[in-house]
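Trainee:
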Amino acid sequence: MRPPMRITAACRVLFNVVLATAPLPVLTQAPPAPSPPPGTDAYTPGPDSQPQPGVPRGKVEGPLIWKSHVFPNTVREYWIYVPAQYDPSVPAAVMIFQDGHKYVNVEQEYRAPVVMDNLIHRKEMPVTIGLFVNPGHDSETFPENRFRVRNRSVEYDTPNGDYARMLIDELLPELARRYTLTTDPERRALVGASSGGICAFTAAWERPDYFRKVVSHIGSFTNIRGGYHYPFLLRRTDKKPLRVFLQDGSNDLDNQFGNWPLANQSMAAALKFKGYDYRFEFGDGAHTHKHGGAILPDTLRWLWRDVR
């Protein structure tokens, strides 16, 4: 029978040395979540897009209904924003938002009434009446998705003066019956996204005697109905008195109508070439409203920077 193993003093010393020099397991916290990679459209609204304590809130009327004569047999919804600071004895600036249902919604990306409340309160933009207008539809039974109303592409993507004429001859006079509005084109602005973006630009381009400020989010300066020609038209036409804000993202649309990022970069290059007062914010977003909504406060500060 084998004698029992003895642990000698020398073995004990060697065992203790091994324990002392062996690496201990490292206990660490879970690593922080990585930042969103480029192209994830990770834009979020900031504090200027949230209701703030002590800021008086304007009122929103609507939806109201308008039946156009410029676009026969069409019916459209519209909303009116009136800031708390509005004084009938002082003509207010005017900002007209295309696809108004999107911009007037204070739960989604743009939250324009909230942004306007905050900026007007801090005198970072003038006291401004907001007119939020939807494209025309062929009946008063509107689709749940208001971007699908029937006359949207005809009105927004066609590069002519019809839409501006509807605003000038129909909706602005209707608004002026109820509120005191400016007649100064420097105090009138147009805003829109996608086809609404090119629509805003077209109306100002056709009628700079009425509108001189433009905001285009993810603008469709592509060949849906001929709008791709604007970068070339800008270069060979005498400079007009417009201030233009463009926003787009490197992951915007690329389809049979064209490439949105390239089209917007071409617009920005043409505006720079002609010496326009312009700003181009080019991010990594897709054809969404996230980037435009997140930067709307800064956009309006820039747009109205010298108007009070």
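Residue numbers (my numbering): 2 to 309. A virtual CB, placed ideally from N, CA and C, is assigned to each residue, including glycine.
1. Assuming Met268 is part of the alpha helix (DSSP H), what are its boundary residues?
2. Would you give the residue range spanned by the alpha helix (DSSP H) that Gly101 belongs to?
3. Using a threshold of 7 Å, state whether the C-beta atoms of Thr1 and Ala295 are closer than that.
4. For the alpha helix (DSSP H) containing Val155, list its first residue and its last residue.
5. To which residues does DSSP link Asp278 through a beta bridge?
6. Within 10 angstroms of the Cβ of Ile66, are there 16 or more other Cβ atoms? Answer buried if so, exposed if not.
7. Who are Phe98's beta bridge partners in DSSP?
8. With respect to the beta strand (DSSP E) encompassing Leu65, which residues constitute its N-terminal and C-terminal limits?
9. For Arg166, report the span of its alpha helix (DSSP H) as first-last.
10. Can you tell which of Glu145, Lys240, His138 has its C-alpha closest to the C-alpha of His70?
11. Just the C-alpha distance for Glu145 and His102, rounded to the nearest angstrom, thanks.
12. Going by the DSSP bridge assignment, what does His218 pair with across the sheet?
13. State the Cα-Cα distance for the pair Ala165 and Val128, rounded to the nearest angstrom.
14. Would you call the segment 178 to 186 and the segment 256 to 263 in contact, with 3 or more CB pairs under 8 Å?
15. At what residues does the alpha helix (DSSP H) containing Tyr231 begin and finish?
16. Using 10 angstroms around the beta-carbon of Asn119, count the other beta-carbons present and answer buried if the total reaches 16, otherwise exposed.
17. Would you give the residue range spanned by the alpha helix (DSSP H) that Trp314 belongs to?
18. Grouping DSSP H, G and I as helix and E and B as strand, with all else coil, what is Phe148?
19. Within this structure, are the beta carbons of Val215 and Leu191 separated by less than 7 Å?
20. Beta-carbon within less than 7 Å of Lys60's beta-carbon, same chain only, minus the 5 sequence neighbours each way: which residues are those?
21. By Cβ distance below 7 Å, which residues in the same chain neighbour Tyr229 in space, the five residues on each side in sequence not counted?
Mentor: Considering the structure as presented:
1. Counting from 1 along the sequence shown, the entry for residue 268 is found at position 267. Residues 261 to 274.
2. On the sequence shown, residue 101 is found 100 positions in, with the first residue counted as 1. Counting along the chain, the alpha helix (DSSP H) containing Gly101 begins and ends at 101 to 105.
3. This structure cannot settle anything about residue 1, because the visible part of the chain is limited to 2 through 309.
4. Looking up residue 155 in the sequence shown gives position 154. Val155 -> alpha helix (DSSP H) spans 153 to 158.
5. Within the sequence shown, residue 278 is the residue found at index 277, counting from 1. Asp278 is bridged to Arg244.
6. Translated into the one-based positions of the sequence shown, residue 66 becomes position 65. With fewer than 16 other Cβ atoms within 10 Å, it is exposed.
7. Along the sequence shown, read from residue 1 onward, the residue named residue 98 stands at position 97. Phe98 pairs with Phe133, Val192.
8. Here residue 65 refers to the residue found at position 64 when the sequence shown is read from its first residue. Note, Leu65: beta strand (DSSP E), 60 to 69.
9. What you label residue 166 is simply residue 165 of the sequence shown in a count that begins at 1. Element bounds for Arg166: 163 to 167.
10. Locating residue 70 in the sequence shown gives position 69, where the first residue counts as 1. Ranking Glu145, Lys240, His138 by Cα distance to His70 puts His138 first.
11. Walking along the sequence shown from the start, residue 145 turns up at place 144. Walking along the sequence shown from the start, residue 102 turns up at place 101. Roughly 11 Å between the two C-alpha positions.
12. For the purposes of this step, residue 218 is identified with residue 217 of the sequence shown, where counting begins at 1. Its beta-bridge partners are Ala194, Gln248.
13. Position 164 of the sequence shown, counted from the start, is the residue given in the question as residue 165. Position 127 of the sequence shown, counted from the start, is the residue given in the question as residue 128. About 23 Å.
14. no
15. Within the sequence shown, the letter at position 230 stands for residue 231. Here the alpha helix (DSSP H) through Tyr231 covers 231 to 237.
16. Translated into the one-based positions of the sequence shown, residue 119 becomes position 118. Asn119 is buried by the Cβ-count criterion.
17. The shown model of the chain, from 2 to 309, leaves out residue 314, and the question about it has no answer.
18. The residue you call residue 148 lines up with position 147 of the sequence shown. Reduced to three states, the DSSP call for Phe148 is helix.
19. For the purposes of this step, residue 215 is taken as residue 214 along the sequence shown, with counting starting at 1. For the purposes of this step, residue 191 is taken as residue 190 along the sequence shown, with counting starting at 1. Going by C-beta atoms, Val215 is nearer than 7 Å to Leu191.
20. Here residue 60 refers to the residue found at position 59 when the sequence shown is read from its first residue. Contacts found: Val83.
21. For the purposes of this step, residue 229 is identified with residue 228 of the sequence shown, where counting begins at 1. The answer, listed in chain order, is Phe222, Thr223, Gly259, Ala264.
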